[in-house]
Structures are given as C-alpha cells and as structure tokens.
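Beneath this line is the structure, given in structure tokens, with notes to follow.
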Ligand code: PLP
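Numbering (the working numbering), first residue to last: 2 to 395.
Below, the structure written as structure tokens:
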C-alpha cells in the first residue's frame with residue numbers, strides 16, 4: 002500500500018545523502034574524537050566539519066554550536082542554564098503555546114519559587130508584543146519564545162521580539178525546532194542569545210540536537226561530565242549523528258529557497274482544495290505568517306482521532322491536534338490558547354509537508370478526505386441542522 006507521509010512536523014525521512022555521509026562513522030571512522038590517535042583524529046575532523054556546516058546554516062560561529070541529544074535537551078539546557086547563571090533573578094517569561102519541552106518545565110520552576118509569565122496569543126495565534134514588553138521587569142532572568150509553532154506553523158516575529166527583550170538587556174532563547182529548514186535563519190542579524198533545533202525535523206536522524214549559545218551568553222552546563230563541547234555539555238559525542246546533522250544542514254541550506262516555494266505551493270493547494278470541497282472547516286492561523294509546510298484544520302462536528310484512523314487506513318499519515326497520544330482527552334493547548342471552540346478543537350488535524358511531498362500525494366488526500374469527513378459527520382450527533390442547533394445551545 003502506498004504511504005502518503007504528511008506528518009513531517011513529527012519527524013522526517015532521513016535524506017539518503019545524509020545516510021551516506023554518516024555511514025563511515027559507524028564502521029571506519031569510529032574513534033572517540035577526544036582520543037589522540039589517528040582514529041580519534043578522523044572522528045574529530047567529522048565533528049569539526051559538522052560544527053562548521055551547522056554554524057554556516059545559522060549564520061553563527063562554529064564555537065557557538067553545542068551538540069546535544071535532541072531539541073528537548075537543548076530547551077532544558079537553555080532554560081536551566083540561564084536561570085542557574087542568574088540565581089538572584091526569579092522571573093521567567095514564555096508563551097502559552099510552547100512545545101511541552103518548554104511548557105512542562107513551568108510546574109517545576111514554580112515549585113522552585115519562580116514567577117512565570119505565560120504570554121497569550123490571539124485567535125490567529127499571534128503574540129501581543131505590548132504584553133511581552135509589559136511583562137519584563139528587573140527580576141526577569143530569561144525570555145523563551147518559540148520561533149514557529151509545531152501545531153499551526155504560526156511564526157512569531159523574532160526580530161521584533163528580540164528588539165523588545167534585548168532593549169532591556171534580558172537573555173532571549175528561542176525554540177526554532179519547527180523553523181529550521183522552513184524559514185531562513187541568520188543569527189548574524191537576529192540578536193537572540195540561545196536557539197534550539199533538532200536534527201530529526203530536518204532530514205537527519207532522531208537523537209541529535211543543537212543549542213546555539215551566542216558568545217558572551219552566560220550558561221551553567223546542564224549535562225556535567227567530561228570536557229566535551231568545551232565543558233558546556235559532557236558526554237562522548239554522537240559522532241555519526243553529528244556528521245549527519247552537519248550534512249542535513251548543508252542540504253537544507255542548499256534547498257531552502259526551492260523547498261520553501263514548493264512546500265508553500267503544495268500546502269496552499271491542499272488548504273484551498275479542502276476549503277472548496279468540505280464545509281465547516283477552520284484553518285488555524287490562516288491570517289498569521291506560517292511555516293510553508295504546515296496546515297492545521299479543524300473539521301467541525303467530528304473527532305480528529307476518528308479522521309486520523311480512517312486516513313491511516315488509506316496510508317495517509319497526519320496527526321491530530323489533541324493530546325490523545327499522551328493519554329489525555331483534552332484538545333490541544335495551542336488551539337485552546339487561540340480560543341478555538343472546544344468542540345472544533347477536538348476535530349483538528351495537522352498536515353505537515355516536506356521537500357519530498359508530491360502533487361500526487363496532495364491530490365490523493367483531496368480525493369479521499371471529503372468522503373471520510375462526510376461519513377463521520379453522518380454519524381455525529383452534532384452534525385446536521387438539529388445537531389448544529391444543539392451545539393449552539395450547549
Ligand atoms: N520543540 C518543538 C517546537 C518541537 O516541535 C519539538 C518536537 O516535536 C521539540 C521541541 C522536541 O524536539 P525533540 O523531539 O528533538 O526532543
């Protein structure tokens with residue numbers, strides 16, 4: 002059966018050129034980069050090249066790149082690292098729509114006595130920069146705001162955010178896991194202090210991430226151990242995956258212009274096709290700047306999970322916005338923060354494309370989706386004139 006993979010915000014296929022680049026580091030160049038001998042030197046060279054490739058991709062200096070195990074580790078290292086570097090400051094600012102890698106640190110920080118501000122978003126998923134400005138105080142240790150949202154693709158105005166935060170001299174971290182490879186990032190011009198991204202969203206393997214630390218940014222190491230990464234992250238380097246990430250960044254940079262154009266064209270084709278063929282659909286973040294590959298829709302009066310299962314029967318892989326995978330029946334915190342009605346948020350689906358997505362795949366979805374939605378609505382107690390009236394009354 003054909004597989005139509007439209008879940009690239011969850012993870013991506015590893016590029017064959019990336020596999021080819023990393024393979025020798027399992028079998029031939031398997032030394033420890035810290036070792037003095039030739040085998041170690043070969044591994045060290047691979048890591049050094051990757052550091053340059055990643056730095057180039059971000060517009061950064063190689064010594065500002067710290068390799069980690071994933072985006073989650075980088076987010077944790079940035080937040081705990083800065084808060085521990087400024088122990089007298091007890092205020093942390095973030096948003097209500099962050100990934101759990103940031104959001105789930107809040108209860109811990111509150112238990113430790115931190116005051117946390119969670120900035121709100123409007124119906125389109127946009128931040129209010131005035132709310133950000135007003136939240137900052139002498140006691141603010143760190144602001145952490147994602148670059149692009151994993152569920153809706155909504156892009157936050159990072160230049161303006163940086164202006165507001167840096168004018169107060171406060172460290173700024175951004176989780177750019179969903180931005181890297183989908184929009185241009187140039188840290189030569191964008192004054193954020195710390196930036197997170199993850200290999201597996203960018204056609205490198207799972208289990209490798211980056212924390213960018215601008216020169217001069219104070220950070221207490223999160224993983225303490227050997228002298229690796231200049232003492233900023235202990236642990237023997239995952240050489241094959243670091244090499245893979247370097248190659249993936251080189252390819253992402255090479256393909257950036259064409260893949261942005263291509264993904265945006267296909268995403269817009271999918272969005273327009275859905276809106277033309279299916280009534281009662283809300284496109285989340287439609288009026289905000291979005292990453293070119295992401296389409297989050299609410300199909301009113303049905304459950305996103307049922308829709309996902311029926312799409313899956315046809316080999317179409319997408320994801321639902323609700324947190325059902327975590328065992329909760331609560332709809333997505335992102336859509337709730339945007340004020341999407343509870344009942345609509347339950348019917349949310351995210352399609353996320355990659356540079357490999359084809360027009361045929363998009364058309365395959367458009368061929369089958371309307372019939373599936375119709376079938377599910379036919380058995381929905383909320384659909385139809387009576388159902389709609391009932392829904393308005395509750
Ligand atoms: N931040 C965002 C915005 C994400 O989308 C993800 C993964 O989905 C992460 C962080 C976590 O990255 P990783 O899976 O590499 O830990």
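C-beta atoms are modelled at their ideal positions from N, C-alpha and C, and glycine is treated no differently.
Check your understanding: Given a threshold of 16 other Cβ atoms within 10 Å of its Cβ, counted over all protein chains shown, does residue 26 qualify as buried or as exposed?
Key -> Taking the chain shown and counting its residues from 1, one reaches residue 26 at position 25. Counting every other CB atom within 10 Å of its CB across the protein chains shown gives residue 26 a total of 16 or more, marking it as buried.
Review point. Is it the case that the CB of residue 106 approaches a heavy atom of the ligand PLP more closely than 7 Å?
Key: Here the question's residue 106 lines up with position 105 in the chain shown. No, Cβ of residue 106 sits at least 7 Å from all heavy atoms of the ligand PLP.
Check your understanding: Where does residue 271 fall in DSSP's three states?
Key -> Residue numbering aside, residue 271 sits at position 270 when the chain shown is read from its first letter. Residue 271: helix per DSSP, three-state reduction.
Exercise for review: For the ligand PLP, enumerate in chain order all residues having a CB closer than 5 Å to any of its heavy atoms.
Suggested key: Near the ligand PLP, meaning a Cβ closer than 5 Å to any of its heavy atoms, lie the following residues in chain order: 71, 72, 73, 100, 102, 151, 176, 178, 179, 199.
Check your understanding: Nearest to residue 336 by CA position, among 89, 253, 284, is which residue?
Key -> Here residue 336 is taken as the residue at index 335 of the chain shown, counted from 1. It is 284.
Point to revise | Which listed residue (196, 333, 293) has its alpha carbon closest to that of residue 353 | key: Numbered from its first residue, the chain shown carries residue 353 at position 352. It is 293 whose Cα lies nearest to the Cα of residue 353.
Review point. What do you get for residue 74, buried or exposed, if any count of 16 or more other CB atoms within 10 angstroms of its CB means buried?
Key: The sequence position of residue 74 within the chain shown is 73, counting from 1. Residue 74 should be labelled buried.
Exercise for review: Please list the segments of the alpha helix (DSSP H) lying wholly inside the stretch 121-167, counting only runs of 4 or more residues, in order along the chain.
Suggested key: 130-136, 159-167
Point to revise | Separation of residue 252 from residue 30, as counted between CA atoms | key: Position 29 of the chain shown, counting from 1, holds the residue named residue 30. Position 251 of the chain shown, counting from 1, holds the residue named residue 252. Approximately 22 Å between the Cα atoms of the pair.
Practice item. My understanding is that residue 13 touches residue 203, with C-beta atoms under 8 Å, so please give their C-beta distance in whole angstroms. Key: As a position in the chain shown, residue 13 is number 12, starting the count at 1. As a position in the chain shown, residue 203 is number 202, starting the count at 1. So it is a contact: roughly 7 Å between Cβ atoms.
Exercise for review: Reducing DSSP to helix, strand and coil, say where residue 106 ends up.
Suggested key: By 1-based counting over the chain shown, the position of residue 106 is 105. Looking at residue 106 - three-state DSSP - the assignment turns out to be coil, as it is neither helix nor strand.
Practice item. Under 6 Å Cβ to Cβ from residue 241, same chain only, skipping five residues before and after it: list those, please. Key: Within the chain shown, numbered from 1, the residue matching residue 241 stands at position 240. Within the same chain, residue 241 has close Cβ partners 23, 26, 27.
Practice item. Give the straight-line distance between the Cα atoms of residue 325 and residue 36, rounded to the nearest whole angstrom. Key: Your numbering for residue 325 matches position 324 in the chain shown. Your numbering for residue 36 matches position 35 in the chain shown. In this predicted model, residue 325 has a pLDDT of only 46, less than 50, meaning its place in the structure is not dependable; the value taken from the coordinates is given anyway. Rounded to whole angstroms, residue 325 to residue 36 spans 46 Å at the Cα level.
Point to revise | Length of the line joining the Cα atoms of residue 207 and residue 246 | key: Walking along the chain shown from the start, residue 207 turns up at place 206. Walking along the chain shown from the start, residue 246 turns up at place 245. Computed Cα separation, rounded: 10 Å.
Practice item. Inspect the beta-carbon positions of residue 281 and residue 125 and report whether they are closer than 8 Å. Key: Within the chain shown, numbered from 1, the residue matching residue 281 stands at position 280. Within the chain shown, numbered from 1, the residue matching residue 125 stands at position 124. No, these two residues do not count as a Cβ contact at 8 Å.
Exercise for review: Mind reading off the beta-carbon distance from residue 270 to residue 296? Whole number of angstroms is fine, and I expect it under 8 Å.
Suggested key: Position 269 of the chain shown, counting from 1, holds the residue named residue 270. Position 295 of the chain shown, counting from 1, holds the residue named residue 296. With a Cβ gap of about 10 Å, residue 270 and residue 296 do not count as contacting.
Practice item. Use the C-beta contact count for residue 47: other C-beta atoms within 10 angstroms, 16 or more gives buried, fewer gives exposed. Key: On the chain shown, residue 47 is found 46 positions in, with the first residue counted as 1. It counts as buried.
Review point. Under a Cβ-count criterion, where at least 16 other Cβ atoms within 10 Å of its own Cβ denotes burial, should residue 69 be classed as buried or exposed?
Key: Within the chain shown, the letter at position 68 stands for residue 69. So residue 69 ends up on the buried side.
Review point. According to the Cβ coordinates, are residue 299 and residue 5 closer than 8 Å?
Key: In the chain shown, counting from the first residue as 1, residue 299 sits at position 298. In the chain shown, counting from the first residue as 1, residue 5 sits at position 4. In this structure, residue 5 does not lie closer than 8 Å to residue 299 by Cβ.
Check your understanding: Just curious, the beta strand (DSSP E) that residue 351 is in, first and last residue?
Key -> In the chain shown, the residue the question calls residue 351 occupies position 350. Looking at the DSSP string, the run of the beta strand (DSSP E) that includes residue 351 is 349-353.
Review point. Excluding sequence positions up to five away, which residues of its chain have a Cβ less than 8 Å from the Cβ of residue 3?
Key: Taking the first residue of the chain shown as position 1, residue 3 is located at position 2. Here the set comprises 316, 365.
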